[in-house]
């Protein structure tokens, strides 16, 4: 039986929000949407998630800064580690390394296939 996940989708683009959340919900995953990093931090402080899907380029607080803050909160409050997957249009050679250095666990370039995301969620869930 396939495991269902509670996912925080941090994405400022309404079309991307709809496409990703629709596909995740179609697989019966619970999805909460945050439009930027500040909103994501506020939601993260109140709820527990199995995964965070984080856009990089957003207004008010980008995904890199939000990820650093989430890792700080986890350490300060001794919370369960939450895997963060970067979902980004940034596809330069060093973008993946940059995301990982800011506390993210994996990197997916947009546009991506949902099947690849599902595979990644299953792999990260058992780590």
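Numbering (the numbering used here), first residue to last: -8 to 118. We treat Cβ as the ideally placed atom computed from N, Cα and C, and that holds for glycine. None of the values given here were measured: they were computed from a predicted structure.
- In the three-state scheme derived from DSSP, where H, G and I count as helix and E and B as strand, residue 42 is classed as strand.
- Contact annotation: residue 105 and residue 22 have beta-carbon atoms that are not nearer than 9 angstroms.
- Per DSSP, reduced to three states, the secondary structure at residue 98 is strand.
- In this structure, residue 4 lies near residue 46, with their beta-carbon atoms less than 9 angstroms apart.
- Note on the segment 9 to 84: whole beta strand (DSSP E) runs with a minimum of 3 residues are 21 to 25, 42 to 46, 75 to 79, in chain order.
- Per DSSP, residue -3 is one residue of the beta strand (DSSP E) stretching across -3 to 1.
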